[in-house]
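Visitor: Under UniProt numbering, think of the first position of the sequence shown as 609, with each following residue one higher. All C-beta atoms, glycine included, are put in the ideal place defined by N, C-alpha and C. Every value quoted in this text rests on a predicted model; they were computed, and no experiment measured them.
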Amino acid sequence: QAKELGRDTYRFYTPGLNERASTLLLMEGALRQAVDQNNLVVYYQPQVELTSGRVVGVEALLRWRHPQQGMISPAEFIPLAEETGLIVSIGEWALLQACRQGCLWHQTGYAPLRVAVNISARQFRQSDLVAMVRRVLRETGFDGRHLELELTESLLMDDVDGAIATMTQLSQLGVRLSIDDFGTGYSSLAYLKRFPINYLKIDRSFVRDIMDDPNDAAIAATIIDLARNMNLHVIAEGIELEAQRVFLQQKGCRYGKGYLFSQPLPADQLTLLLARQPAERP
Ligand code: C2E
Ligand code: MG
Ligand code: MG
Ligand code: MG
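What follows is the structure, encoded as structure tokens:
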């Protein structure tokens with residue numbers, strides 16, 4: 609027994625594991641309940657053109673409305689959903705909501721707003737992912753060309769050939785693909801050129817200190833150049849300050865997201881924000 613191994617071991621080892629296991633179980637139960645009781649909500653964060661501030665797209669971001677604890681961030685429950693496999697049904701639900709909402713926005717005149725949805729590693733490895741996306745597009749009537757799926761580097765590097773095959777099939781649905789949190793994973797540039805992707809998203813950890821840390825500034829500028837040379841669009845994440853926007857724009861980055869423009873919002877609030885945006889040029 610761990611108890612016999614000494615007090616430190618007992619305290620440090622056994623209860624830690626048990627605690628973690630029971631916390632996981634409790635949270636898993638609560639998360640299942642949240643799904644059943646409609647306590648998951650999709651928020652939308654605008655993605656803007658840096659020069660004009662015009663909203664060109666939105667990213668769908670899940671929130672868990674906990675009856676006691678209030679809003680729980682996906683940073684807390686997505687890893688759990690991933691570990692338990694719940695992400696497969698939750699992810700499909702989120703995609704369905706986002707495509708439905710995208711249709712509504714298109715119908716009310718905000719075409720061609722692009723809707724981005726995050727796909728986790730476990731979802732990406734599902735053999736029926738492509739069929740699921742096709743079904744959701746058909747069911748909602750959303751045009752695949754306005755849907756963007758966000759993938760991470762680590763997910764792609766796991767099985768490069770498999771990933772390319774899946775991405776190719778997704779592209780055939782018209783769906784756009786992006787690499788999220790670019791620069792934080794381990795993608796090899798040699799593979800990058802083989803991936804049928806449309807966008808690179810500069811991770812917000814590089815944007816945060818762009819004005820003070822010359823290394824971060826250099827990394828961001830390099831990603832922007834890389835994207836341009838590979839004919840990819842680049843989107844900077846986590847822009848909070850006007851100075852960051854100006855810097856990124858001057859380096860040639862066309863699109864961005866961040867609190868400077870808007871926090872993620874419930875759909876109805878995003879609709880209000882769209883209504884206020886500058887008129888489309890003829
Ligand atoms: P992500 O895809 O990289 O999303 C960007 C995160 O940055 C979001 O956090 C967003 O609220 C936050 N953010 C946006 N602008 C700013 C800013 O200016 N400053 C700062 N400090 N943060 C900003 P959020 O909503 O907490 O989501 C965290 C992560 O959870 C997402 O990271 C994504 O990986 C995951 N996630 C969210 N929804 C889903 C989903 O439906 N499916 C899957 N598989 N993952 C999801
Ligand atoms: Mg994302
Ligand atoms: Mg990101
Ligand atoms: Mg992420």
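Indicate the three-state DSSP secondary structure (helix, strand or coil) for D876 in the structure shown.
Guide: Note: D876 maps to helix in three-state DSSP.
Visitor: Could you work out which residue in W701, V815, N839 and M838 is closest to Q857 when comparing CA atoms only?
Guide: For the residues W701, V815, N839 and M838, the minimum Cα distance to Q857 belongs to V815.
Visitor: Which residue marks the beginning of the alpha helix (DSSP H) containing M775, and which one marks its end?
Guide: From DSSP, the alpha helix (DSSP H) with M775 extends over V768 to Q780.
Visitor: What is the DSSP secondary structure of R628, counted as helix, strand or coil?
Guide: Three-state DSSP puts R628 in a helix.
Visitor: Between the segment 668-684 and the segment 696-712, do at least 3 Cβ pairs fall closer than 8 Å?
Guide: The segment 668-684 is in contact with the segment 696-712.
Visitor: Using only alpha-carbon positions, find the residue among Q676, N823, L781 and T631 that is nearest to R743.
Guide: Taking only the C-alpha atoms, the option nearest R743 is L781.
Visitor: Could you pull out every residue in the same chain whose Cβ sits closer than 8 Å to the Cβ of E690, ignoring the five residues on either side in sequence?
Guide: The residues are S728, A729 and R730.
Visitor: According to the Cβ coordinates, are S866 and E850 closer than 7 Å?
Guide: With the sequence shown as reference, residue 866 is identified as Gly, and Ser is not the correct amino acid for it. Contact flag unset, no.
Visitor: If we ignore side chains and look at the alpha-carbon of each, how far apart do L878 and N839 end up?
Guide: Their Cα atoms are separated by approximately 30 Å.
Visitor: Is E845 a contact residue of ligand 3, with contact defined as CB to any heavy atom under 6 Å?
Guide: Flag set: Cβ of E845 near ligand 3.
Visitor: Which of helix, strand or coil does DSSP assign to F814?
Guide: The answer is helix: DSSP assigns F814 an H, G or I state.
Visitor: Given this structure, state the Cα-to-Cα distance separating Y863 from L785, to the nearest angstrom.
Guide: Cα-Cα distance, rounded: 15 Å.
Visitor: Go ahead and pull the three-state DSSP assignment for E761.
Guide: Of the three classes helix, strand and coil, the one that applies to E761 here is helix, per DSSP.
Visitor: Less than 7 Å separating the beta-carbons of I843 and A828?
Guide: Contact flag unset, no.
Visitor: Going by DSSP, what residue range makes up the beta strand (DSSP E) through I698?
Guide: Looking at the DSSP string, I698 is not in any beta strand (DSSP E); the run it does join, the alpha helix (DSSP H), is I695 to W713.
Visitor: List the endpoints of the continuous alpha helix (DSSP H) containing P822.
Guide: Counting along the chain, the alpha helix (DSSP H) containing P822 begins and ends at P822 to N837.
Visitor: Excluding the 5 residues flanking L808 on each side, which residues of the same chain have their C-beta closer than 8 Å to its C-beta?
Guide: Only S786, I787, F790, I831, L834, A835, L840, H841, V842 and I843 meet the Cβ criterion.
Visitor: Would DSSP call I727 helix, strand or coil?
Guide: Looking at I727 - three-state DSSP - the assignment turns out to be coil, as it is neither helix nor strand.
Visitor: Identify the continuous beta strand (DSSP E) that holds V650 and give its terminal residues.
Guide: Unbroken beta strand (DSSP E) run through V650: L648 to E657.
Visitor: Report whether the distance from the Cβ of D788 to the nearest heavy atom of ligand 3 is below 6 Å.
Guide: Checking every heavy atom of ligand 3 against the Cβ of D788, one is found closer than 6 Å.
Visitor: W713 and L868 look like a contact to me (Cβ under 8 Å); what is the Cβ gap, rounded to whole Å?
Guide: The pair is not a contact, with the Cβ atoms about 22 Å apart (cut-off 8 Å).
Visitor: Suppose you measure from the CA of Q734 to the CA of S762; what does that come to, to the nearest Å?
Guide: C-alpha separation (whole angstroms): 16 Å.
Visitor: Go through its chain and collect everything with a Cβ distance to V664's Cβ below 8 Å, but skip five positions before and after it.
Guide: These residues qualify, in order along the chain: Q655, V656, E657, L721, R722 and Y863.
Visitor: Of the choices S779, D767, P682 and A724, whose alpha-carbon is the least far from that of R739?
Guide: Arg is not the amino acid found at residue 739; the sequence shown has Ala there. Here the closest residue by C-alpha is S779.
Visitor: Leaving out the 5 sequence neighbours to the left and right, which residues in its chain are closer than 7 Å to residue 953 when beta-carbon positions are compared?
Guide: Examination of residue 953 is not possible in this model, given that the chain is present from 609 through 890 alone.
Visitor: Is E848 a contact residue of ligand 1, with contact defined as CB to any heavy atom under 6 Å?
Guide: E848 Cβ: within cutoff of ligand 1.
Visitor: Report the CB separation of L745 from C707 in whole angstroms; it is logged as a contact under 8 Å.
Guide: L745 to C707, Cβ: 7 Å. Contact.
Visitor: With distances taken Cα to Cα, identify the nearest neighbour of N647 among F855, F685, Q709 and D769.
Guide: Closest by alpha carbon: F685.
Visitor: Sorted by chain position, which residues of the same chain lie with C-beta nearer than 7 Å to Q852's C-beta, five sequence neighbours on each side aside?
Guide: Correct list, in chain order: V815, I818 and M819.
Visitor: Kindly list the residues whose CB is nearer than 7 Å to the CB of N801, restricted to its own chain and excluding five residues on each side of it in sequence; keep chain order.
Guide: Note that residue 801 is Lys in the sequence shown, not Asn. Taken in chain order, the residues that qualify are M838.
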